[in-house]
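S.K.: Converting from the sequence shown to the numbering used here requires adding 33 to each position, the first position being numbered 1.
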Amino acid sequence: MATQFYDRLSNDLTQLLESSINYDVSIEVEEDANIYKVHSIILQSRSPYFKKKFDEITFNDDYVKALKLTNISVKVFDVIIKYIYGGKIILEKLENSIIFDFLIASNEFELDELVEHLQTYLVNNCASWLRIKFAQIYRISYQVKSFKIIRDFCNNIITNYPNTIFECENFNSFPEDALISILKRDDLQLEEGKIWEYIIQWGKAKSPMLPTNLKEWTGDNFLTLKETLKGLLPYIRYFSISGEDVIKKIHPYQQVLDQQLFLDINIKFITPTKPIVSTVLLPRKILNTKLPKNTSILLPSNIITDEHALEISSWIDDKETSYIKNNPYEFKLLVRGSRDGFHVKTIYDVCNKVSNTVIVLKVENTGEILGGFNPLEWINNISQLKKTQGSFVFSLKTENLKNSILSRVVEKFDCAIANHPKHSWLGFGDALCLRNDLKIEKKCYCMVSSAYPKLIRSEEFISPEVNNCSDISKKFLFSVEEYEVFKILPGK
């Protein structure tokens with residue numbers, strides 16, 4: 034039996050990389066123009082990509098081959114090159130987004146074992162992040178065929194929770210082949226009539242010149258939609274659609290279907306036993322047991338993860354330890370900045386007379402996730418300070434913050450909530466205040482607050498107490514990259 038000394042080998046090769054002795058390749062990573070002096074024999078023996086590249090490049094006068102790499106960061110390439118030499122990676126200290134970029138680069142460099150390992154790591158350790166970035170991740174997983182592990186992860190979510198895709202903001206831009214793969218699934222947990230509606234929506238979005246009012250459509254308009262949908266239409270289970278949906282949903286778009294198919298749908302509906310010509314696809318295997326609506330996979334957020342939601346829920350229930358699973362609450366999305374607008378007036382208009390709301394926001398440039406819970410109603414026509422002992426503000430755990438910070442209202446309960454629509458201002462005392470347009474105008478702030486004494490940001494970002502917000506130094510003001518407001522409902 035052979036004795037293996039892999040650690041020593043790894044260390045020696047890593048030292049060779051660091052020393053650059055006898056290097057014959059210089060790789061310039063265009064971000065900051067970093068130059069890596071490396072050895073062609075090692076790179077081409079480890080990576081088919083580099084073998085092909087080096088075969089295409091001739092030596093310069095110094096007997097060095099020069100290569101420029103674009104679309105890769107120094108941070109990612111640094112991990113890649115150390116893996117190539119030493120066969121080691123440490124992922125725990127890397128941001129999730131960097132790990133995913135690392136995966137994409139590993140695939141480009143044809144590092145097969147690394148591609149498989151990184152996918153497994155992301156699915157097992159970064160599932161919440163994958164869900165937040167679901168539309169983007171899913172699209173990439175279908176563009177890159179070797180991302181099978183992530184693609185299977187996404188398909189499992191789509192099968193059981195199809196709204197994750199069909200109701201996402203980017204649904205209308207989804208590639209056709211990805212939608213076909215979803216429609217082919219026998220276990221897609223969605224009524225066929227609803228699937229038809231989503232496909233029509235997708236097709237109409239591809240042809241924005243079509244009239245908005247269906248009554249104004251011409252035969253040519255229907256032909257345009259039919260041509261757009263020709264790759265998707267064969268995978269609809271038409272004969273599983275209810276009679277009511279045939280009348281309401283299929284009939285208005287009958288010209289999109291072949292004449293014989295539409296005739297057979299009607300025959301099957303009116304005379305079920307009469308033979309038909311069209312191919313009949315088997316009904317989908319819909320589960321008898323309904324999946325819980327408050328499952329973490331369905332969390333409708335682009336900011337917080339399911340773990341964040343569980344933590345917030347435990348704070349609402351005043352638990353000493355966070356819920357781990359089975360969230361007792363449903364987070365119903367009411368407002369999202371990128372969808373509905375960033376002005377505070379929008380929050381007041383949509384959330385008027387709505388109680389038990391959570392506001393979460395991502396701070397521009399810092400990546401911090403701040404927020405607050407208000408058990409009282411927001412009122413859009415009265416400016417007042419409101420009294421409660423149930424509110425709190427927080428800063429959620431991120432890649433840069435090890436543990437979340439919770440600050441409950443402990444005194445000055447009559448100033449716990451600042452409800453000031455007239456001045457386009459809302460706040461949790463002075464601990465977290467949102468003003469005007471949250472994205473364009475840099476006017477949000479956190480101030481030292483006796484009502485919420487525990488600071489939710491580093492002291493360098495907290496304004497000392499002042500009488501008027503106009504007196505706050507500009508260095509304490511911030512804008513918002515994104516925000517969301519949720520209505521907290523009992524779980525179903």
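C-beta: ideal position from N, C-alpha, C; glycine also.
#1: If you follow the beta strand (DSSP E) that serine 482 is part of, which residue opens it and which one closes it?
#2: Could you please give the first and the last residue of the uninterrupted beta strand (DSSP E) stretch that includes serine 52?
#3: In angstroms, rounded to a whole number, what distance separates the CA positions of lysine 217 and tyrosine 268?
#4: Where does histidine 510 sit, in a helix, a strand or coil, going by DSSP?
#5: Whose CA, out of Ser512, Lys227, Val177 and Lys85, lies closest to the CA of serine 273?
#6: Give the DSSP-derived three-state secondary structure of proline 195 in the structure shown.
#7: Kindly indicate the opening and closing residues of the beta strand (DSSP E) around glutamine 417.
#8: Counting only runs of 4+ residues fully inside the segment 361-397, write out the alpha helix (DSSP H) ranges in chain order.
#9: If we count the other Cβ atoms within 10 Å of its Cβ and call it buried at 16 or more, is glutamate 51 buried or exposed?
#10: Restricting to Cα atoms, I'd like to know which of Leu102, Lys395, Phe110 and Tyr194 is closest to glutamate 224.
#11: With three or more C-beta pairs closer than 8 angstroms as the rule, is the segment 314-321 touching the segment 342-355?
#12: Taking the C-alpha atoms as reference points, what is the distance between valine 148 and tyrosine 39?
#13: Using the Cα positions of glutamate 340 and alanine 211, report the straight-line distance between them to the nearest angstrom.
#14: Say whether the segment 275-290 touches the segment 237-245, bearing in mind that this needs 3 or more beta-carbon pairs closer than 8 angstroms, one atom from each stretch.
#15: Suppose contacts are defined by Cβ-Cβ distances below 9 angstroms. Is valine 513 in contact with leucine 465 by that definition?
#16: Of all the options Leu151, Ile521 and Ile300, which has the alpha carbon lying nearest to the alpha carbon of asparagine 181?
#17: Is leucine 314 helix, strand or coil by DSSP?
#18: Identify which residue in Asp219, Val289, Phe302 and Lys108 has its Cα closest to the Cα of leucine 314.
#19: Along the chain, where does the alpha helix (DSSP H) containing glycine 236 start, and where does it finish?
#20: Are aspartate 297 and isoleucine 280 closer than 9 angstroms when you measure CB to CB?
#21: Near glutamine 293, which residues of its chain fall below 7 angstroms by C-beta distance, leaving aside the five closest residues on each side in sequence?
M.R.: According to the data block:
#1: Where serine 482 is concerned, there is no enclosing beta strand (DSSP E), given that its DSSP letter is neither H nor E.
#2: Careful: serine 52 lies outside any beta strand (DSSP E), inside the alpha helix (DSSP H) at 39-52.
#3: 6 angstroms
#4: In the sequence on display, residue 510 carries leucine and not histidine. DSSP places leucine 510 in coil when its eight states are reduced to three.
#5: Lys227
#6: Per DSSP, reduced to three states, the secondary structure at proline 195 is coil, with no helix or strand assignment.
#7: Residues 417-419.
#8: Assignment of alpha helix (DSSP H) within the segment 361-397, counting only whole runs of 4 or more residues, yields 370-373 and 377-383 in chain order.
#9: exposed
#10: Tyr194
#11: no
#12: Straight across, the Cα-Cα distance linking valine 148 with tyrosine 39 is about 21 angstroms.
#13: Taking the straight line from one Cα to the other gives about 29 angstroms.
#14: no
#15: no
#16: Rather than asparagine, the amino acid found at residue 181 in this sequence is lysine. Comparing Cα-Cα distances from lysine 181 to each of Leu151, Ile521 and Ile300, the minimum goes to Leu151.
#17: coil
#18: Asp219
#19: 225-239
#20: no
#21: Val310 and Ser311
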